[in-house]
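Working notes, structure below.
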Amino acid sequence: MIGGDRKRAPRWFRLAAWVLVLWGSMGVSACISQLRHGAEAMGAASDYDRVLFASLPLWYRADYAIATGTMLAGALALLVRSRHAVALLTVSLVAVLIQFGWMFAMTDILAVKGPYTLYFPLLIMAIGALALQLAHVARRRGWID
15 MIGGDRKRAP RWFRLAAWVL VLWGSMGVSA CISQLRHGAE AMGAASDYDR
65 VLFASLPLWY RADYAIATGT MLAGALALLV RSRHAVALLT VSLVAVLIQF
115 GWMFAMTDIL AVKGPYTLYF PLLIMAIGAL ALQLAHVARR RGWID
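Read the sequence shown against the working numbering and you will find it ends at 159, with the numbers running on by one and no gaps.
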């Protein structure tokens, strides 16, 4: 909205934005930990985990950082009611889709670890999609500008 004429956002919107900031912070923390400590960052790693992590291309690690960094930035943008939330959360969701799409299409992780390995990535994608939907709703309703 032009001239600072934005509508007051409901409390649930602010609460959702705070929850997304916490979610984004956990993602950034996990990313930094994994990039610094490798496969061991998530506890005792199997030989498969160590080999898989060592074989990840550099772009994959950069994509992981982009996915988590833009999720946190997008959540903060929602919190301060910035129009940049939509673009940041779009980039985050696309990066997540690239990250997990490559992981499941180009490695044998499903065959080795089983289908339960899909659950958390699906949760991550769902939260990313819901965050982006929230940003679109907020823009349409004039809660962000």
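C-beta: ideal position from N, C-alpha, C; glycine also.
task = Assign residue 151 to one of three DSSP states: helix, strand, or coil.
result = Here residue 151 corresponds to residue number 137 of the sequence shown, with the count starting at 1. Helix at residue 151.
ask   = Helix, strand or coil: how does DSSP classify residue 143 here?
value = Here residue 143 refers to the residue found at position 129 when the sequence shown is read from its first residue. In this structure, residue 143 counts as helix in the three-state DSSP scheme.
ask   = By a C-beta neighbour count over all protein chains shown, 10 Å radius and 16 as the cutoff for buried, is residue 22 buried or exposed?
value = Position 8 of the sequence shown holds residue 22. Label assigned to residue 22: exposed.
Terminal residues of the alpha helix (DSSP H) in which residue 55 lies = Sequence index remark: in the sequence shown, residue 55 carries index 41 (1-based). First-last for residue 55: undefined, no H or E at that position.
ask   = Is the distance from the Cβ of residue 59 to the Cβ of residue 68 below 8 Å?
value = The residue you call residue 59 lines up with position 45 of the sequence shown. The residue you call residue 68 lines up with position 54 of the sequence shown. Their beta carbons are not under 8 Å apart, which means residue 59 does not touch residue 68 by this criterion.
ask   = Of all the options 84, 30, 74, which has the alpha carbon lying nearest to the alpha carbon of residue 106?
value = Taking the sequence shown and counting its residues from 1, the one referred to as residue 106 is at position 92. When each option's Cα is compared against that of residue 106, the closest is 84.
ask   = Taking C-alpha atoms, which residue in 130, 121, 146 lies nearest to residue 71?
value = Counted from its first residue, the sequence shown places residue 71 at position 57. Nearest C-alpha to residue 71: 121.
task = List the endpoints of the continuous alpha helix (DSSP H) containing residue 68.
result = Sequence index remark: in the sequence shown, residue 68 carries index 54 (1-based). Counting along the chain, the alpha helix (DSSP H) containing residue 68 begins and ends at 61-69.
request  = State whether the segment 92-103 contacts the segment 39-49, with contact taken as three or more CB pairs (one from each stretch) at a distance under 8 Å.
outcome  = no
key: Classification of residue 86 by the beta-carbon crowding that lies within 10 angstroms, buried from 16 upward   = For this step, residue 86 is matched to residue 72 along the sequence shown. Burial call: buried.
message = Let me check understanding here. Comparing Cα to Cα, which of 74, 43, 28 lies closest to residue 112?
response = Counting from 1 along the sequence shown, the entry for residue 112 is found at position 98. Scanning 74, 43, 28 for the CA closest to the CA of residue 112 turns up 74.
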